[in-house]
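Chains as they are written, first to last, in our numbering: chain X, 494 to 680; chain V, 412 to 1199.
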């Protein structure tokens, strides 16, 4: 089937098998290997990307279901990076609240990172890095919808995802740190 | 000082999704492999028909055991001297065992073709209960009939499921101590089979170049140099023409130490087709076929005086090794380091016996951050100590404090021969009790019990022996466990350190840069760490058993100190003084007492590469290398306390608090150290409460997905409360001891002790893991786990 998916604000048209999973479309067809495959059963969340404005586990979404939709992956989180688009994550009314640009260039690289990315590095919210893209995509969604979550709300938000390295403690800290920067007027 | 919570160098790529894991690598012309696995735990293979699969338009080749036999690759050595089938030739011995391998032009087609392979099996009775494996009349897993001429050596244990009998300690002295004791407490306990379950599964990408005869293997490997040795033996390609690259690893925890049949299949397929072949297992394959952990059936006894002085310890263990003996551990230790089972206590006599048996389950046994079976040993002694306290009506904290080794007793030789290097155990336990507010917790517990609420307080004290190890005693496949480090200093003073160990998330690129930076007065950013590529790194046995910092970290420090000494000679020439007149201060060589004369490594590197005239015998440049052969293991320790609440109606356990005081000696990067502790504490919750790899009596694995093999999430894991003491290892160059496994080793016992403590009013003295709601409820009813 021929499908067109807008991934990180770039249109991609491909002829795919109907059974092709979205995660394999992103990784094998488009070469966007930042999203990871981990379990096949929707338990681990290493494959979380956004389908339009909603995080989905892309191992249980068919690529054809994304036809005509927008997909945002970890490669689209930072602005100015090779695969990103300036409008990534912006909801249709343009009300995206996070403004990576307000922080200027990151000490972790030349591009302008999302506050979630910065916070994960600052708070040691990752070790092996395999769950990290999915965790960050969920974190970005949470903060867009709930700019000042409680710790319990953060834990609930990532409870459908598995990390084997951090015991979640520093992931939770990272998201709370990012939230303090996301709120207008936050530190 | 470069030590401290330095941000991690590796994060820059990971937060951008730019890590390179095995399945991220694609080569031109690459084929995708898939493994056909046995649906049966024990069966003879009557026939394998691959015609239809071979005819699939996208299939490039299909391989059976018979095909690999022609290449001499149907069998491979395990890391413990056994021989494991790569693809079964005429018998399968566990469900999920590799039977055939398909390579196709895409991963979906490879899977499709598996469906086209027709295998006829003649089922055999499976051996699923280790406790019955040695019974007369039980079928024999390794019956020696089916092996033909394939294994390089005949199976050692024909006609029996017994693999080994092994013992440690003084049986007579232990018996005498038991006979004289006021109190003896005993218990049968099992440490269930679990799986490390790194979030990234295992895989390999093999690329054989027929023109040059060179083989490159990218593989999820915690031990790339050990893998190269195995690949060389299997393929006949000499080691210098094999390059093993371990890319970014999405966790390992021991699961990525062994060579798996899929890796060998990828290599064989690449050699046969002349094209790169990638194989990555799926989650079910991972849980069903790659290395398990634990599976120890233990009978423990503890003897004491009526006042609570522990006199002796005895253990009899039945170890379920599965169908092949593939335990990844030093060859002289068939039960790993289990014999350190006297733990942290001053116990005069101890004796343990371990019998290893084959069953029709996947091979493995030493994995999941177990420090070579110290996990099982700590669990045994910490459970028994709690049971003894209950019997004596003593507080478990007081009983432990009374029996802990004193600082003055170090170095301490345990009754089974381990020489503990250093420790201050009472201080760590006191700190943990204080952090927990132990007395208040006991008051709260008593008060809640009056209201029918059941909270438990569980303590665990552990001592690990890590950093394997001294070459004279420790080897894997005959390879001594010393590791190398190469340190190159560029003319500008920037450094590149090459190491043999392999990070799986531990942050070696940062920690090892900190070690070198600290030794040489460099900035951490000026040290680049190279790892995971046998073409670019010195030989060593890799990362497991918490050995990276104890062994390879020491090698890095020694190499850096050699650089420093070379720089001293250059400094003497540059400053026109005798090198004896120089001292190292503030990261510079200076004339004694004259800080203004100080010259740093950057200037000395420039001088060492310049035309500066150097003394006879000094050739210039500053590069140095080292091989570190540890004089002893290092002995991290810690005190953990778990507070849990048990709903006695549903059996649900809620871990409320986890307090952990760890002493891993000098902490190079405390942020990374604490992160590792966080992980192990989560492991403790998972292992104690949720996780087990189980089978039905027909041999079907009941834990083949994350829907059945439960992992803790952010909702089960409370924020840990950490404390630290620092007792430097006296024999390690920088006093570090290793931390990667401490919390996984120490915490399950604390969690279980808390649950059993909560259930004390019901007369519960022990309950086996995993303490799922069903098993807790059964314990309250006085029934064993799994009783239905």
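The beta-carbon is built from N, C-alpha and C at its ideal position, and this holds for glycine as well.
Looking at the secondary structure, which residues open and close the alpha helix (DSSP H) in which residue i lies?
i	result
residue 1165 (chain V)	1153-1169
residue 371 (chain V)	The displayed coordinates of chain V run from 412 to 1199. Any statement about residue 371 (chain V) would go beyond what the structure contains.
residue 766 (chain V)	It is not in any alpha helix (DSSP H) - residue 766 (chain V) instead sits in the beta strand (DSSP E) that spans 760-768.
residue 425 (chain V)	422-425
residue 1096 (chain V)	1081-1100
residue 869 (chain V)	Taken as a continuous stretch (DSSP letters only), residue 869 (chain V) belongs to no alpha helix (DSSP H), being part of the beta strand (DSSP E) at 865-874.
residue 678 (chain V)	672-684
residue 629 (chain X)	625-638
residue 885 (chain V)	From DSSP, residue 885 (chain V) is part of no alpha helix (DSSP H); its letter is neither H nor E.
residue 742 (chain V)	No alpha helix (DSSP H) contains residue 742 (chain V), which DSSP labels as neither H nor E.
For residue i, return the contacting residues in chain V, with the cut-off set at a CB-CB distance below 8 angstroms.
i	result
residue 518 (chain X)	None at all; the shortest Cβ gap to chain V is about 12 angstroms.
residue 615 (chain X)	418
Give the interface partners of residue i over in chain X, defined as CB-CB distance under 8 angstroms, in chain order.
i	result
residue 925 (chain V)	What residue 925 (chain V) touches in chain X: nothing, since even the nearest Cβ is about 14 angstroms away.
residue 1117 (chain V)	532, 534, 536, 537 and 655
residue 1126 (chain V)	648, 649 and 652
residue 782 (chain V)	Near residue 782 (chain V) there are no residues of chain X at all, since even the closest Cβ is about 18 angstroms away, more than 8 angstroms.
Where do the N-terminal and C-terminal ends of the beta strand (DSSP E) with residue i fall, by residue?
i	result
residue 544 (chain X)	541-544
residue 647 (chain V)	Here residue 647 (chain V) belongs to no beta strand (DSSP E), and DSSP marks it neither H nor E.
residue 442 (chain V)	442-448
residue 549 (chain X)	547-550
residue 1132 (chain V)	1132-1135
residue 730 (chain V)	721-731
For residue i, which of helix, strand or coil comes out of DSSP?
i	result
residue 1148 (chain V)	coil
residue 925 (chain V)	helix
residue 1012 (chain V)	helix
residue 592 (chain V)	coil
residue 562 (chain X)	coil
residue 516 (chain V)	coil
residue 428 (chain V)	coil
residue 582 (chain X)	Unreliable placement is indicated for residue 582 (chain X), whose pLDDT of 41 sits below 50; the coordinate value is still reported in the next sentence. Three-state result, residue 582 (chain X): coil.
residue 798 (chain V)	helix
residue 1019 (chain V)	helix
residue 487 (chain V)	strand
residue 682 (chain X)	Since the first residue shown for chain X is 494 and the last is 680, residue 682 (chain X) is missing from the structure and cannot be characterised.
residue 510 (chain X)	coil
residue 504 (chain X)	strand
residue 499 (chain V)	coil
residue 655 (chain V)	strand
residue 749 (chain V)	helix
residue 955 (chain V)	coil
residue 563 (chain V)	Note that residue 563 (chain V) has pLDDT 47, beneath the 50 cutoff, so the model's placement of it is unreliable and no number is given.
Going by the DSSP bridge assignment, what does residue i pair with across the sheet?
i	result
residue 1203 (chain V)	Nothing about residue 1203 (chain V) can be reported from this structure: the residues present for chain V run from 412 to 1199 only.
residue 530 (chain X)	In DSSP, residue 530 (chain X) forms no bridge with anything.
residue 690 (chain V)	V:615
residue 907 (chain V)	V:899 and V:939
residue 1052 (chain V)	V:870 and V:1070
residue 473 (chain V)	V:513
residue 600 (chain V)	V:709
residue 1112 (chain V)	V:1106
residue 531 (chain V)	V:458
residue 775 (chain V)	V:703
residue 630 (chain V)	V:615
residue 824 (chain V)	V:830
residue 1065 (chain V)	V:1056
Just checking residue i against the ligand ADP - is the residue's beta carbon closer than 8 angstroms to any of the ligand's heavy atoms?
i	result
residue 1140 (chain V)	What this structure holds is no ligand at all, so the ligand ADP is not there to describe.
Going along chain X in order, which residues have a C-beta closer than 7 angstroms to the C-beta of residue i?
i	result
residue 693 (chain V)	533
residue 435 (chain V)	526
List, in chain order, every chain X residue whose beta-carbon is nearer than 9 angstroms to that of residue i.
i	result
residue 906 (chain V)	By Cβ distance, chain X contributes nothing, its closest Cβ being about 21 angstroms from residue 906 (chain V), past 9 angstroms.
Just the chain V side, please: which residues come within less than 7 angstroms of residue i by C-beta, in chain order?
i	result
residue 624 (chain X)	610
**Asked** When the Cβ atoms of the segment 893-905 of chain V are set against those of the segment 954-969 of chain V, are three or more pairs found closer than 8 angstroms?
**Response** yes
**Message:** Quick test of the definition: if touching needs 3 or more C-beta pairs under 8 angstroms, does the segment 793-801 of chain V touch the segment 815-835 of chain V?
**Reply:** no
**Request:** Tell me, please, whether the segment 623-642 of chain V touches the segment 676-685 of chain V by the rule of three or more beta-carbon pairs shorter than 8 angstroms.
**Result:** yes
**Request:** For the segment 844-857 of chain V and the segment 1107-1122 of chain V, state whether three or more C-beta atom pairs, one from each stretch, are separated by less than 8 angstroms.
**Result:** no
**Request:** Please determine if the segment 897-913 of chain V and the segment 866-878 of chain V are in contact, where contact requires at least 3 C-beta pairs separated by less than 8 angstroms.
**Result:** no
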